[in-house]
Amino acid sequence: MSDGAPRLGWYVHHHGRGHLTRLLAIAPYLDAAVDCLSSLPAPPGLPSGWTWTVLERDDDGDPVDPTVDGLLHWAPIGHVGHRSRLSVIAAAATARRWDGMVVDTSVEVTLLARLLGLRTVVVTQPGNRVDRPHLLGFAAADTVLAPWARGILSPPHLEALGDKVVHTGGISRFSSRSPRSGRSDEVVLLAGAGGSAVGPAAIRDAEKATGRPWRVLGGSAWADDPWEALTSAAVVVSYAGQNAVADLAAAHAPAIVVPQDRPFDEQRETGRALRRAGLAQVSDEWPDAAGWPELVDRASTAQPEWERWEVAGAPERAASAIVDTVRGDR
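Quick note on the numbering used here: the sequence shown kicks off at 7 and runs consecutively.
Written out as structure tokens, the structure is:
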């Protein structure tokens, strides 16, 4: 970290592992001191000079009027955990003299940061995010990071934001690695940690139908570094989360993508974009056993142009946009 580097806060949403993974992918390139705040426990490997504060949860109990009649996403009346979270963030911003804040992802934290007079960077996601709370949060932000390639994925909520949006390309922790040559006969299921409707029996049926060995990475079989599997598998079956797609692109993986149900149709929109671009075989639902052999064979012979997802240099572009924003250079 250079002399005179800015200090900023970074809010990390606790659902799944994607928000945290994105932070850790950008961290090596970010010339700033960062105070991270999240309901998640502190991860290993934070850069020197960074801090991590664990926030109270506010998604338990019986919430009272959490949306303020549709104005916000989550501000439950009388919830001590919710009040504590925002109070801790405000106190840290004052005590540590933040120059700005990154929010990934919360409309309410975005509004708090701007009300505190902080230059604010928001990380957006795909999907139909034209509801009142999202539009309010985007209006309050100085910069909106879109972690995918411009033109391939164009959600409607970005259309009116103009130069406020920075398309970084897909942000992968593997962006600096090179895929190896040669692939096995194995199918790898990259299941993630955000939840899925696909159960073990459906996976066993798919394996039996294809006549190929399957390996599951994610959920209870979480792998901290799946790079070897991504670069050696004949086919990678993945859900359509942003980090998963970026990792597929970094690995140049022949892929079958099965979007899962997520708020605002995030993964559904990503799946449609991948299908239009010809970057993966996309199945809107988990195929039945009879459909898997042809799908796997088709994916294994495809040569997707994953360079179009612009993974190379994406963490650096995100880091530059963050520093430029908090310095007032955007």
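Think of the CB as a built atom: it goes at the ideal place given N, C-alpha and C, for glycine as much as any other residue. Every value quoted in this text rests on a predicted model; they were computed, and no experiment measured them.
Q) Skipping 5 residues on each side, what residues in its chain have a beta carbon closer than 6 angstroms to that of Ile83? A) Val70 and Asp71
**Q.** Run of the beta strand (DSSP E) containing Trp58, from where it starts to where it stops
**A.** Thr57 to Val60
Q | Beta-carbon separation (whole angstroms), Leu36 vs Val18, contact threshold 8 angstroms | A | That pair is no contact at about 14 angstroms.
Q) Between the beta-carbon of Ser160 and the beta-carbon of Ser238, is there less than 9 angstroms? A) no
Q. Mapping DSSP to helix, strand and coil, what is Gly168?
A. helix
Q. Ser238 lies in the beta strand (DSSP E); which residues open and close that run?
A. That residue, Ser238, is in no beta strand (DSSP E); its alpha helix (DSSP H) goes Trp233 to Ser238.
Q. Are the CB atoms of Arg218 and Val136 nearer to each other than 9 angstroms?
A. no
Q) Who does Tyr422 pair with in a DSSP beta bridge? A) Outside the modelled stretch of the chain, which goes from 7 to 336, sits residue 422, for which no answer is possible.
Q: Could you tell me which residues DSSP pairs with Thr307 in its beta bridges?
A: In DSSP, Thr307 forms no bridge with anything.
Q | Any beta strand (DSSP E) of 3 or more consecutive residues that is wholly inside the region 135–165 | A | 149–152
Q. What is the rounded straight-line gap between the Cα of Ala325 and the Cα of Ala308?
A. 33 angstroms
Q.
Let me make sure I understand the geometry here. Which of Leu196, Asp271 and Ser54 has the alpha-carbon closest to that of Asp290?
A. Asp271
Q. Residues in its own chain within less than 7 angstroms of Val222 by CB, not counting five upstream and five downstream?
A. Leu195, Ala197 and Ile209
Q) Sorted by chain position, which residues of the same chain lie with C-beta nearer than 7 angstroms to Thr126's C-beta, five sequence neighbours on each side aside? A) Gly106, Met107, Val109, Thr116, Ala119, Arg120, Ala146, Ala147 and Asp148
**Q.** Nearest to Pro50 (by Cα), restricted to the options Glu62, Leu26 and Leu61
**A.** Leu26
Q: With DSSP as the reference, label Val70 as helix, strand or coil.
A: coil
Q: Answer yes or no: do Gly15 and Arg102 have a C-beta to C-beta separation smaller than 9 angstroms?
A: yes
Q.
Mapping the DSSP letters down to three states, classify Thr174 as helix, strand or coil.
A. coil
Q | Buried versus exposed call for Gly188 [16 or more other C-beta atoms within 10 Å across all chains shown] | A | exposed
Q: Examine the ligand PLP and report whether any of its heavy atoms sits within less than 8 angstroms of the Cβ of Pro34.
A: As for the ligand PLP, it is missing from this structure, which has no ligand bound.
Q: Spatial neighbours of Ala286 within its chain, please: CB distance less than 6 angstroms, with the 5 preceding and 5 following residues excluded, ordered by chain position.
A: Ala261, Val263 and Leu280
Q) What separation, rounded to the nearest whole angstrom, lies between the Cα atoms of Ala283 and Trp56? A) 39 angstroms
Q. Would you report the Cα separation of Val171 and Leu151, rounded to the nearest angstrom?
A. 6 angstroms
(Q) For Ala98, which residues in the same chain have their Cβ closer than 8 angstroms to its Cβ, ignoring the five residues on either side in sequence? (A) Gly15, Asp41, Leu43, Thr59 and Trp104
**Q.** Option nearest Asp211 by Cα separation, candidates Glu322, Pro293 and Ala31
**A.** Pro293
Q.
So, at 7 angstroms on beta carbons, what are the nonlocal neighbours of Leu122 in its own chain, with the 5 sequence-adjacent residues on each side left out?
A. Ala96 and Ala99
Q | Inter-residue Cα distance where the pair is Ser8 and Val204 | A | 47 angstroms
Q.
Less than 9 angstroms between the C-beta atoms of Leu236 and Ala207, yes or no?
A. no
Q: Select from Trp220, Ala155, Glu300 and Asp68 the residue whose C-alpha is nearest the C-alpha of Thr276.
A: Ala155
**Q.** Where Gln273 sits in the DSSP three-state scheme
**A.** helix
Q. Among the residues of its own chain, which have a CB less than 8 angstroms from the CB of Pro265, if the five just before and after it don't count?
A. Tyr245, Ala246, Gln273, Arg274, Thr276, Gly277, Val288 and Asp290
Q: Starting from Val2, follow the alpha helix (DSSP H) in both directions and report where the run begins and ends.
A: Only positions 7 to 336 of the chain appear in the structure, and residue 2 is not among them; the question remains open.
Q. Taking the continuous beta strand (DSSP E) assigned at Thr27, which residues delimit it?
A. Not the beta strand (DSSP E): Thr27 falls in the alpha helix (DSSP H), residues Gly24 to Ile32.
Q. How about Ala255 and Val317: do their beta carbons lie closer than 9 angstroms?
A. yes
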